[in-house]
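*Asks:*
The following block contains the structure:
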């Protein structure tokens, strides 16, 4: 398999502060790459740098070509969907409107209609609530909405920022089961940032461990899982 | 009863003007959290453009629609060329910029068109075919034009993809960018639309208050009052607020205190409402769960 996304020497900055240093990372086409790390390790920054939401240095390649986004909307236009930190819900809009916004850059109306139905098939709860104001959804439902909104782009690559954050364990399990199905059935590649290392490693084929903005360790998920330090610090057994 | 009905109906006509201006103010407020103090002067300038076209021999409705288009372009240009440079600047800085725009546009109009008061023609007939005495044909026409415009704007935001994208960009710009919306362009379009809505207010007000560079001063104040009364985060509340302010103003003038201090009474009533309901009559209390 060829790499769908590749970064070489990627660094990112907030003002004068460097949050990410020389990150080389790859996501295989149709694969899942997990990025693990503690709070403040640079996980969210990595996703933001890919969408031109921070100042950055280094090179990004997407689908074999240099990818040099100037603004966040450039990522969506290249087929990179981002379910951001905090879920990014349009709180005052309805569930239906939130989903239609996900397909904003698409012009194939019948395809959008079909994808809407597919999203509802993955998350039937959203269909029940499609006319409801999104701000009234529970945290889990908003996370489902964030993932569905991202899928409405019919993306090549899905960037997921802590989909488990603040949710009950059962809901998290459900969401990760559906993410695995989406990856398997729709061949959507994923770059997933998670604090819940166990779940992320189950889903991913490759994993990177970030420590203070640098890659401390990387390799196939199984190898990362077997690493003594990762086991003690991030898996907790 | 006849006189009372007359006061209410003609209040609705000026109310439509306040409603339009309030809507324009709220549209920009929702997208930027800024109150555009120059909105009234922009509307005044648009009205002069219409006057100049009509004066040069253009038919009224041609001038009307050309003015809407020109106002849209000018509004969008002001956003792109001026306001965008102050993105992220402290609120006070932006307030000064707005006041600067107000003064500049006011002086520009005075310089181009002089400060002498001009009459502005109404597109509606001089004599009424029905409802004679209750309401003048211009007032009735102004109410109709205002309602038609409100319906169009509502339909645009509610039912078109571009309208949805503009609402999204106003609510959550970061998420909007992530789904591929060019938020800067939405802001420019929003300013253009607000300017066109304001232009309608100016052109409907001018036959009543006459055309001069300071014509919008009082109207802008009522527009603010209407926006706050209806709820500054709710465009439709703001429009309803405009009609309420118009009617209140007329009734206060006719029955309570006379024309001299009707402005104060109307504003006092509005302050009273805001004390009881700080978010306005129709301001939404947003329900959110974490």
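Residue numbers (the working numbering), protein chains in the order written: chain A, 20 to 256; chain B, 32 to 321.
Every residue, glycine too, gets a C-beta built ideally from N, C-alpha and C.
(1) Thinking C-beta only, is residue 241 of chain B closer than 8 Å to residue 148 of chain B?
(2) Where residue 35 of chain A and residue 84 of chain B are concerned, what is the direct C-alpha to C-alpha distance, given to the nearest angstrom?
(3) Can you tell me where the alpha helix (DSSP H) holding residue 19 of chain A begins and where it ends?
(4) Which chain B residues sit within Cβ distance under 8 Å of residue 141 of chain A?
(5) If contact means a Cβ-Cβ distance below 8 Å, which residues of the region 233 to 264 of chain B contact chain A?
(6) Taking the alpha-carbon positions, what's the residue 244 of chain B to residue 256 of chain B distance?
(7) Got a sec: is the Cβ-Cβ distance from residue 124 of chain A to anything in chain B below 8 Å?
(8) What residue range does the alpha helix (DSSP H) around residue 72 of chain B cover?
(9) Between the region 194 to 213 of chain A and the region 148 to 155 of chain A, do three or more beta carbon pairs fall short of 8 Å?
(10) Have a look at the DSSP bridge pairing and note the partners of residue 26 of chain A.
(11) When the Cα of residue 59 of chain B is compared with those of B:223, B:104, B:293, which residue comes out closest?
(12) Enumerated in chain order, which unbroken segments of the alpha helix (DSSP H) with a length of 4 residues or greater are wholly contained in the region 224 to 288 of chain B?
(13) Is residue 111 of chain B close to chain A? Criterion is C-beta to C-beta, closer than 8 Å.
(14) At 4 residues or longer, what runs of the alpha helix (DSSP H) sit wholly inside the region 97 to 148 of chain B?
(15) With 8 Å as the threshold, decide whether the Cβ of residue 119 of chain B is near any Cβ in chain A.
(16) Which chain B residues are close to residue 101 of chain A, counting only those with a beta carbon under 8 Å from its beta carbon?
(17) Would a C-beta distance cut-off of 8 Å place residue 78 of chain B and residue 151 of chain B closer than the cut-off?
(18) Does any residue of chain A have a CB that is nearer than 8 Å to the CB of residue 198 of chain B?
(19) Determine whether the Cβ of residue 86 of chain A lies closer than 8 Å to any Cβ atom of chain B.
(20) Whole-angstrom Cβ separation of residue 284 of chain B and residue 174 of chain B, contact assumed at under 8 Å?
(21) Note down, in chain order, each residue of its chain lying with its Cβ closer than 8 Å to the Cβ of residue 222 of chain A, except the 5 sequence neighbours on either side.
(22) In terms of residue numbering, what span does the beta strand (DSSP E) encompassing residue 209 of chain A cover?
(23) Going straight from the alpha carbon of residue 32 of chain A to that of residue 69 of chain A, what length do you get?
(24) Relative to the alpha-carbon of residue 133 of chain B, which residue among B:66, B:164, B:50, B:185 has its alpha-carbon at the smallest distance?
(25) Starting from residue 127 of chain A and walking both ways along the alpha helix (DSSP H), at which residues does that stretch end?
(26) Am I right that residue 211 of chain B and residue 92 of chain A are in contact with their C-beta atoms under 8 Å? What's the rounded C-beta distance?
(27) Residue 203 of chain B touches chain A at which residues, Cβ-Cβ below 7 Å?
(28) In three-state terms, what does DSSP make of residue 253 of chain A?
(29) So, residue 288 of chain B versus residue 39 of chain B, is the Cβ gap smaller than 8 Å?
(30) State the CB to CB distance for the pair residue 269 of chain B and residue 54 of chain B, rounded to an integer number of angstroms; the pair is presumed to be in contact (CB under 8 Å).
(31) At the level of alpha carbons, what is the spacing between residue 35 of chain B and residue 282 of chain B?
(32) Determine, using beta-carbon pairs with one atom in the region 164 to 174 of chain A and one in the region 115 to 125 of chain A, whether at least three such pairs fall under 8 Å.
(33) Where does residue 116 of chain B land, buried or exposed, given buried means 16+ other C-beta within 10 angstroms?
(34) Identify the contact partners of residue 86 of chain B in chain A, using a Cβ-Cβ distance below 7 Å as the criterion.
(35) Residue 49 of chain B lies in the alpha helix (DSSP H); which residues open and close that run?
(36) Along chain B, in chain order, which residues have C-beta atoms closer than 8 Å to that of residue 121 of chain A?
*Replies:* Short version:
(1) yes
(2) 54 Å
(3) Coverage of chain A is limited to positions 20 through 256, which leaves residue 19 of chain A absent and any answer about it impossible.
(4) Neighbours of residue 141 of chain A on chain B: none; closest Cβ ~18 Å, over 8 Å.
(5) none
(6) 21 Å
(7) yes
(8) 70 to 86
(9) no
(10) A:44, A:79
(11) B:223
(12) 247 to 261, 266 to 282
(13) no
(14) 122 to 144
(15) no
(16) 209
(17) yes
(18) yes
(19) no
(20) Wrong, their Cβ atoms sit about 19 Å apart, outside the cutoff.
(21) 51, 53, 195, 198, 199, 202, 209, 211
(22) 208 to 213
(23) 12 Å
(24) B:66
(25) Per DSSP, residue 127 of chain A belongs to no alpha helix (DSSP H) and is neither H nor E.
(26) 5 Å
(27) 107, 109
(28) helix
(29) no
(30) 6 Å
(31) 8 Å
(32) yes
(33) exposed
(34) Ordered by position in chain A, no residue passes the 7 Å Cβ test against residue 86 of chain B, which lies about 44 Å from the chain.
(35) 33 to 63
(36) 210
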